[in-house]
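Contents: one structure, followed by commentary.
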Amino acid sequence: MSATGQWQLRAAFAERLSHMYGREVPAYTTLVDVSREVNVDVLRARGADAERLGSIGRVTAERHGAIRVGTPRELQQVARVFGALGMHPVGFYDLREAAASAVPVVSTAFRPVDGEELARNPFRVFTSLLTPADPRFFDADLRTRLESFLAGRELFPPELLALADRAAAEGELPEGEAEHFLQLAVRAFELSPEPVDRAWYETLERISAVAADIGGVRSTHINHLTPRVLDIDELYRRMTDRGIEMIDTIQGPPAWKGPDVLLRQTSFRALAERRAMRTPDGAVVSGALRVRFGEVEARGIALTREGRALYDELLGHVDEQASQHPSKARSDIARAVWERHMPGSEQELAAEGLAFFTYRLADDRPRDGRKPPTSLSELVDHGWVHAEPIVYEDFLPRSAAGIFQSNLSGEGTRDNDQQGTAHDAAWLSGALGRDVLDPFDLYEQQQNRSLAQVARALDLTDTPH
Ligand code: OOG
Ligand code: NI
Numbered sequence: 000m001s002a003t004g005q006w007q008l009r010a011a012f013a014e015r016l017s018h019m020y021g022r023e024v025p026a027y028t029t030l031v032d033v034s035r036e037v038n039v040d041v042l043r044a045r046g047a048d049a050e051r052l053g054s055i056g057r058v059t060a061e062r063h064g065a066i067r068v069g070t071p072r073e074l075q076q077v078a079r080v081f082g083a084l085g086m087h088p089v090g091f092y093d094l095r096e097a098a099a100s101a102v103p104v105v106s107t108a109f110r111p112v113d114g115e116e117l118a119r120n121p122f123r124v125f126t127s128l129l130t131p132a133d134p135r136f137f138d139a140d141l142r143t144r145l146e147s148f149l150a151g152r153e154l155f156p157p158e159l160l161a162l163a164d165r166a167a168a169e170g171e172l173p174e175g176e177a178e179h180f181l182q183l184a185v186r187a188f189e190l191s192p193e194p195v196d197r198a199w200y201e202t203l204e205r206i207s208a209v210a211a212d213i214g215g216v217r218s219t220h221i222n223h224l225t226p227r228v229l230d231i232d233e234l235y236r237r238m239t240d241r242g243i244e245m246i247d248t249i250q251g252p253p254a255w256k257g258p259d260v261l262l263r264q265t266s267f268r269a270l271a272e273r274r275a276m277r278t279p280d281g282a283v284v285s286g287a288l289r290v291r292f293g294e295v296e297a298r299g300i301a302l303t304r305e306g307r308a309l310y311d312e313l314l315g316h317v318d319e320q321a322s323q324h325p326s327k328a329r330s331d332i333a334r335a336v337w338e339r340h341m342p343g344s345e346q347e348l349a350a351e352g353l354a355f356f357t358y359r360l361a362d363d364r365p366r367d368g369r370k371p372p373t374s375l376s377e378l379v380d381h382g383w384v385h386a387e388p389i390v391y392e393d394f395l396p397r398s399a400a401g402i403f404q405s406n407l408s409g410e411g412t413r414d415n416d417q418q419g420t421a422h423d424a425a426w427l428s429g430a431l432g433r434d435v436l437d438p439f440d441l442y443e444q445q446q447n448r449s450l451a452q453v454a455r456a457l458d459l460t461d462t463p464h
């Protein structure tokens with residue numbers, strides 16, 4: 000019997016999760032359909048250029064999901080399940096700081112890390128961990144109740160975790176086990192029919208809708224699933240034309256004539272879903288909760304630390320101008336700021352060290368015995384090597400906070416007089432029991448590997464830079 004390797008498990012899991020979510024949240028299916036239509040149209044209009052940041056095969060299959068868990072122990076179990084799929088924790092996002100309203104979580108994203116694996120299937124899951132120890136949100140009494148509630152639940156059956164460990168250790172699962180693993184894994188992220196304890200849920204909801212979604216129930220669920228689209232402005236128009244109410248904005252960089260960088264995202268509003276509720280007298284009644292939604296994203300080029308600092312600085316300019324001119328559309332302000340300060344071509348981004356690229360030898364490079372130049376910019380300018388942009392595989396804290404907030408029912412409460420608990424990437428690595436990888440390091444390694452190959456092939460003594 001044949002075995003199923005990790006990337007095949009990952010691709011199968013992403014596909015099954017997508018089917019399951021489409022059954023649970025039908026508007027998601029509409030979003031996937033419209034994304035596909037837009038992608039076909041963009042491909043027709045722009046040809047090969049449309050595939051500069053990923054083949055149409057990759058982009059069509061590409062999804063990210065979001066889940067939220069309550070304790071380090073649960074997060075470690077998540078890491079085992081995704082580890083089985085060849086997905087590793089990358090990046091640290093502190094949503095407590097990025098959000099104005101109460102979003103008491105810190106997050107990472109599980110994703111494949113090497114280029115080949117990403118090309119096979121780039122499935123990623125934004126994963127948030129509740130922070131009950133943060134006194135800005137939870138007082139000592141509520142913290143104790145919350146932690147004991149969380150300690151008493153089981154999100155992942157032992158059988159699923161055992162199969163996950165086996166897949167991670169052996170790099171594959173035999174066919175029967177693979178099937179079983181996939182069924183258990185998808186089931187772990189379905190919406191549970193178990194009645195929600197209404198009083199407890201409402202107690203947490205007064206603090207934060209996110210806290211209630213995580214700690215108010217005895218299971219977890221996929222919160223949203225996000226397809227990738229090649230023209231997010233067009234997608235936004237088409238969804239609106241179909242009568243689907245989208246959030247007000249597209250988060251991230253503005254629409255402009257220069258290169259796409261980082262990540263642009265938008266979503267449709269959370270929909271009310273029927274949920275059984277248990278009242279204080281023990282009766283089970285029918286209720287509704289509004290937590291799950293559909294999101295869509297367009298991905299651009301990964302920026303270096305310097306590029307990212309520029310991005311954050313421009314965001315600051317835009318905020319400032321938007322508050323000075325409240326009647327102007329934020330998107331117009333942002334476009335004007337970008338046109339002034341953001342380099343308008345890939346070549347400039349590369350030359351200024353603001354974005355990541357991989358480099359490969361040009362097939363039509365000079366072959367007349369001439370010696371190649373030694374600097375990277377000359378190698379590119381004189382046709383020896385081609386630069387190809389590295390696609391951004393991660394998330395943006397401010398956009399993530401925006402997506403969280405735009406879908407919350409209330410602001411929640413937060414006591415800013417209290418000192419927040421310090422949580423950083425090192426703390427999260429400790430909670431996870433594995434290293435949270437630095438996304439900038441990963442992109443840089445990928446860029447450097449390609450440069451080392453160029454240097455070898457051209458017999459250069461120094462790696463060009
Ligand atoms: C996660 C929100 C962040 C994104 O795409 O930025 C996110 C959540 O709602 O749990 O998914
Ligand atoms: Ni998302």
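So for the sequence shown, numbering that gives the first Met the number 0 puts the first residue at 0; every next one is plus one.
Cβ atoms here follow ideal geometry from the backbone N, Cα and C, with glycine treated the same way.
The structure displayed is predicted, hence computed values, not measured ones.
Nearest-angstrom Cβ-Cβ length linking residue i and residue j, presumed shorter than 8 Å
i       : j       : result
Arg-227 : Val-41  : About 12 Å separates the two Cβ atoms, so there is no contact after all.
Ala-254 : Asp-232 : 5 Å
Arg-436 : His-87  : In the sequence under discussion, the amino acid at residue 436 is Leu, which differs from the Arg named in the question. Their Cβ separation, rounded to whole angstroms, is 6 Å, which keeps Leu-436 and His-87 in contact under 8 Å.
Arg-62  : Leu-224 : 5 Å
Thr-29  : Val-77  : About 29 Å; that fails the 8 Å criterion.
Gln-417 : Pro-134 : 4 Å
Val-33  : Met-238 : 6 Å
Leu-459 : Pro-365 : Not really, about 15 Å apart at Cβ, beyond 8 Å.
Leu-94  : Val-112 : Not really, about 23 Å apart at Cβ, beyond 8 Å.
Same chain, Cβ closer than 7 Å to residue i, five either side skipped, listed in chain order
i       : result
Pro-194 : Ala-275, Met-276, Arg-277, Val-283
Arg-205 : Thr-412
Ala-118 : Arg-57
Arg-142 : Pro-131, Ala-132
Asp-196 : Arg-277
Gly-409 : Ala-208
Ala-424 : Phe-91, Val-435
Ala-287 : Ala-271, Glu-272, Arg-273, Arg-274
Closer than 8 Å to chain D by CB, residue i
i       : result
Asp-311 : Included in the structure is just one protein chain, with no chain D present.
One or two residues paired with residue i in a DSSP bridge
i       : result
Glu-294 : Ser-266
Ala-65  : Phe-125, His-223
Asp-196 : Arg-277
Leu-360 : Val-384
Leu-288 : Glu-272
His-87  : Arg-110
Ala-354 : Leu-302
Arg-105 : Contrary to the premise, residue 105 reads as Val rather than Arg in this sequence. DSSP output for Val-105 lists Asp-93, Leu-128 as bridge partner(s).
Gln-250 : Gln-264
Val-283 : Arg-277
Glu-171 : Gly-4
Residue i (DSSP reduced to helix, strand or coil)
i       : result
Glu-176 : helix
His-385 : strand
Arg-22  : helix
Gly-4   : strand
His-324 : coil
Phe-81  : helix
Tyr-391 : coil
Leu-302 : strand
Ala-163 : helix
Asp-93  : strand
Val-216 : coil
Met-341 : coil
Val-185 : helix
Val-209 : helix
Glu-244 : coil
Ala-99  : coil
Leu-459 : coil
Asp-259 : coil
Ser-330 : helix
Ala-316 : The amino acid occupying residue 316 in the given sequence is His; Ala does not appear at that position. Note: His-316 maps to helix in three-state DSSP.
Asp-133 : coil
Residues near residue i by beta carbon distance below 8 Å, same chain, minus five either side
i       : result
Glu-387 : Arg-51, Phe-356, Thr-357, Tyr-358, Arg-359
Asn-447 : Thr-462
Phe-180 : Leu-8, Ala-83, Leu-159, Leu-162, Ala-163, Ala-166, Leu-172
Leu-450 : Tyr-358, Leu-375, Thr-462, Pro-463, His-464
Pro-279 : Arg-197, Ala-198
Near ligand 4: residue i beta-carbon under 7 Å from a heavy atom
i       : result
Ser-127 : Inclusion of ligand 4 in the displayed structure is not the case, the ligand content consisting of ligand 1 and ligand 2 alone.
Same chain only: Cβ atoms within 6 Å of residue i, ignoring 5 sequence neighbours per side
i       : result
Ala-321 : Arg-329, Ile-332
Ala-297 : Val-228, Ile-231, Arg-263
Thr-202 : none
Tyr-200 : Ala-211, Gly-215
Requested in this report: Pick out the complete beta strand (DSSP E) segments inside the segment 398-453, 3 residues or longer, and give them in chain order.
Outcome: Counting only runs of 3 or more, we get nothing.
**Report entry** Length at least 3, wholly inside the segment 11-56: the beta strand (DSSP E) runs in chain order
**Finding:** Those beta strand (DSSP E) runs which fall completely within the segment 11-56 and span 3+ residues do not exist here.
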